[in-house]
Amino acid sequence: MTGQRKFFIKSYGCQMNAYDSHRMADMLAPAGFSETATAAEAEVVILNTCHIREKAAEKVYSELGRIRKLKEAAEREGRGMLVAVAGCVAQAEGREIIRRAPIVDLVFGPQSYHRLPELIARAAMEDGIVETEFPIEDKFDHLAAPSREAVRARGVSAFVTVQEGCDKFCTFCVVPYTRGAEISRPASKIVAEVEHLAAAGVREVTLIGQNVNAYHGEGADGRAWSLGRLLRRIALVPGIARLRYTTSHPRDVDEDLIAAHGELASLMPYLHLPVQSGSDRILAAMNRRHSRAEYLDIIDRLRRARADLAFSSDFIVGFPGETEADFKQTMTLIDQVAFAGAFSFKYSPRPGTPGAGLHDQVAEDVKAERLARLQDRIDDHQKRFNAGCLGLTFGVLFEKPGRHPGQLVGRSPYLQPVNVMAPAKHVGEVASVTISDIGANSLFGNLSSAKGPCYASIGT
Ligand code: SAH
Ligand code: SF4
Ligand code: F3S
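The opening residue of the sequence shown carries number 508 in the working numbering; numbering runs sequentially from there.
Next comes the structure, spelled out in structure tokens:
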């Protein structure tokens, strides 16, 4: 049943926020709300925000400027519009948001999402509610499950949060402050959520957490389970053809997780393992707690467990004190690992983090120049990796119709979009596809007669 009241939600930042936005929608559905794609017609507008870099945080205020006009128009028409700010900017800035943008009625942090209907009801009566406590209760116990229709509408690939928060305190990062201390959900709750998704048609699950491989939730035997153990259990859920996890920290890659990559055919051979820098001096200043050599050793061990494994990463250029020599170390690390893709950023000093107070900040033009060089190098490796897929046959999970009639789009094991002429009934299936052409942003392939997914070796 769709509700009469309408809400609009816009998500910024990481997959945790994307997942949280779905869970907020799931809380609002039983309260009589249905989602709309246009803020103008919504009674409740929610921005689920990201604080990771200055640009990300500032986006919220420009969006609030646009929403102010919509709210004024709604009021002229005699209907109200409740404006709420959730996510990491809400947690970090609290009441300051209402000071800068007085149209905001409600500010609430990631630990309060299960209370959303109640907060909306309160905000209709009180001015300027700010809810950024870290309550004792476990929000996951109170969050509503999505309906079958909601799961279907979201597609065959789903995120499931298994761990939240971070205790690592990298000196550049706001996450430990906005998301709080690390907590893991019990394995039984995660398995039940995955079973619910699988029963509604989900075929691929990505386990997510700010520091996902620090997972240590209570297992079926009452002991703390590692991420490897959890993955082995989830691999048994009927209907789940593919598993992924993100984002992991090199320090928490243990033998058990490496072994899981060798054992589990459904664990996709593509791993996002942020390294940030290739210089030991900068890694230490960032408090990453591992060296360049240790990172490279982890990559080697993972490749020994599964030869077709490819890697992506995150990089920050221009951390305080980074010299040209440090930066060159990052460039040689990129060549050594030959990443299949990466996200890269200029260092952005964040209020309250140790990095922001360091005196040897790098000039903006130097950061920009290094970022351009790094991105060119990553592009080269990505192109080479994609070109290496030509002629290979691997499993493609079909997600939706493609741009051309008769075409479907799916994802390769390496998350590349693949366009294939295939009947619509294949959506939700993993089919064997032979790659016939490499485009700028996607691959093209043909259904192969080979039985089942075949993962050709893609060593570098
Ligand atoms: N938990 C993950 C990443 C979290 S944030 C990890 O440990 O790697 C996602 C990415 O944003 C980071 O990997 C980092 O590359 C980037 N990032 C975080 N803080 C930043 C900052 N202050 N300036 C620039 N980039 C930043
Ligand atoms: Fe931030 Fe570091 Fe934690 Fe990742 S591990 S979320 S970069 S503090
Ligand atoms: Fe951004 Fe918060 Fe995610 S700061 S990256 S939305 S954890």
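We treat Cβ as the ideally placed atom computed from N, Cα and C, and that holds for glycine.
query	result
Taking the continuous alpha helix (DSSP H) assigned at residue 541, which residues delimit it?	Per DSSP, residue 541 belongs to no alpha helix (DSSP H); it is in the beta strand (DSSP E), 540-542.
Given this structure, state the Cα-to-Cα distance separating residue 572 from residue 563, to the nearest angstrom.	15 Å
Who are the near neighbours of residue 793 in its chain, counting only those whose CB is closer than 7 Å to its CB and skipping five residues on each side?	677, 678, 679, 783, 784 and 826
At the level of alpha carbons, what is the spacing between residue 759 and residue 720?	6 Å
Check whether the Cβ of residue 946 lies closer than 7 Å to any heavy atom of the ligand F3S, and answer yes or no.	no
Please tell me whether, using a cut-off of 7 Å, the distance from the CB of residue 1011 to the nearest non-hydrogen atom of the ligand F3S is below it.	The chain is shown from 508 up to 967; residue 1011 falls before or after that span and cannot be answered.
What's the C-alpha gap between residue 931 and residue 530?	29 Å
In whole angstroms, what is the alpha-carbon distance linking residue 660 and residue 670?	25 Å
Whose CB is closer than 6 Å to a heavy atom of the ligand F3S? List the residues in chain order.	520, 521, 523, 524, 557, 558, 559, 594, 595, 681, 682, 685, 686 and 717
Can you tell me whether DSSP reads residue 907 as helix, strand or coil?	strand
Reducing DSSP to helix, strand and coil, say where residue 866 ends up.	coil
Alpha carbon to alpha carbon, how far is residue 873 from residue 814? Give it in angstroms, no decimals.	38 Å
Using 10 angstroms around the beta-carbon of residue 964, count the other beta-carbons present and answer buried if the total reaches 16, otherwise exposed.	Confidence at residue 964 is low in this model, with a pLDDT of 44, below 50, so its placement is unreliable and no value can be given for it.
Report whether the distance from the Cβ of residue 823 to the nearest heavy atom of the ligand SAH is below 7 Å.	yes
Please name the residue, chosen from 745, 685 and 723, that lies closest to residue 700 on a Cα-to-Cα basis.	745
Going by DSSP in three states, residue 793 sits in which element: helix, strand or coil?	coil
Since residue 892 is in the alpha helix (DSSP H), which residue starts that stretch and which ends it?	871-894
CB of residue 677 to nearest heavy atom of the ligand SF4: below 7 Å?	yes
Name the DSSP beta bridge partners of residue 666, please?	713
Verify whether the separation of the beta carbon atoms of residue 533 and residue 652 is less than 8 Å.	yes
Can you round the beta-carbon distance between residue 748 and residue 801 to whole angstroms, since I take them to be within the 8 Å contact cut?	Actually they do not touch by this definition, with Cβ atoms about 33 Å apart.
Quick one: using the 10 Å Cβ neighbour count with 16 as the cut-off for buried, is residue 619 buried or exposed?	buried
Considering only C-alpha positions, which residue in the set 694, 743 and 741 is nearest to residue 730?	694
Note down the Cα distance separating residue 966 from residue 597, rounded to an integer number of angstroms.	In this prediction, residue 966 scores a pLDDT of 41, lower than 50, which makes its location untrustworthy; the coordinate-derived value is nonetheless stated afterwards. If I take the Cα positions, the gap works out to 44 Å.
Give the straight-line distance between the Cα atoms of residue 724 and residue 691, rounded to the nearest whole angstrom.	5 Å
Between residue 889 and residue 638, what straight-line distance do the alpha-carbon atoms span, to the nearest angstrom?	43 Å
Do you know offhand how far residue 713's Cα is from residue 858's?	31 Å
Which of the three DSSP states, helix, strand or coil, is assigned to residue 560?	coil
Could you tell me whether the Cβ of residue 866 comes closer than 8 Å to any Cβ of chain D?	Protein chains in the displayed structure number just one, and chain D is not present.
In chain order, what residues of the same chain lie with their CB nearer than 8 Å to the CB of residue 887, ignoring the 5 residues before and after it?	none
Does the Cβ of residue 511 lie closer than 7 Å to at least one heavy atom of the ligand SAH?	no
For the beta strand (DSSP E) holding residue 523, just list the boundary residues, first then last.	Residue 523 -> not in any beta strand (DSSP E); alpha helix (DSSP H) instead, spanning 522-535.
Do the segment 894-914 and the segment 936-943 touch if we need at least three Cβ pairs shorter than 8 Å?	yes
Measure the Cβ-Cβ separation of residue 752 and residue 847 and say whether it is below 8 Å.	no
With DSSP collapsed to three states, give me the class of residue 578.	helix
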